[in-house]
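Participant: Dropping the structure in here first, questions after.
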Amino acid sequence: QVQLVESGGGLVQAGGSLRLSCAASGRTFSTDRMGWFRQTPGKEREFVAAIKWSGDTTYYASSVKGRFTISRDNAKNTVHLQMSSLKPEDTAVYYCAADLNGGGFTRWGQGTQVTVSS
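The numbering used here puts the sequence shown at residues 1075 to 1192.
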């Protein structure tokens, strides 16, 4: 099993920055991608960004491209999401997720709250 623990959420003013981190433990050797998703009350969880565990391929939702940057530290089994130029509509619970063996995101962290005030 793979366990994921997020950190770094909080309250920030619009235009500010936050950095989220996700520490992975357990059977991480088969991980294909790591990703970030977010969810607000009453809405479905939406994709934010993802990164291949090997190589440099990254993926972004159009709503965050150019403002958010996903990166990884393989030695520490950690993935980061650097969020800049934050907007109130970025307010959500952010979840880290793992895609094991390329079969889709099936492992999830507990989530971390990000609140952007106007």
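The C-beta atom is built at its ideal place from N, Cα and C for all residues, glycine as well.
Remember, predicted model here, so these are calculated numbers, not experimental data.
1) Using a Cβ distance threshold of 8 Å, determine whether the stretch 1135 to 1143 contacts the stretch 1154 to 1164, with at least three qualifying pairs required.
2) Which one or two residues does DSSP pair with R1107 in a beta bridge?
3) Is it the case that the Cβ atoms of T1114 and T1165 are separated by a distance below 8 Å?
4) So is E1118 buried or exposed if we call it buried at 16+ other beta carbons inside 10 Å?
5) To which residues of the same chain is N1151 closer than 6 Å at the C-beta, ignoring the five residues directly before and after it?
6) Closest to Q1184 by C-alpha separation, out of R1107, V1122 and F1111, would be which residue?
7) For D1147, does the count of other Cβ atoms within 10 angstroms reach 16, so buried, or fall short, so exposed?
Facilitator: Result, derived from the coordinates:
1) yes
2) K1126 and D1173
3) yes
4) exposed
5) A1098 and T1102
6) F1111
7) exposed
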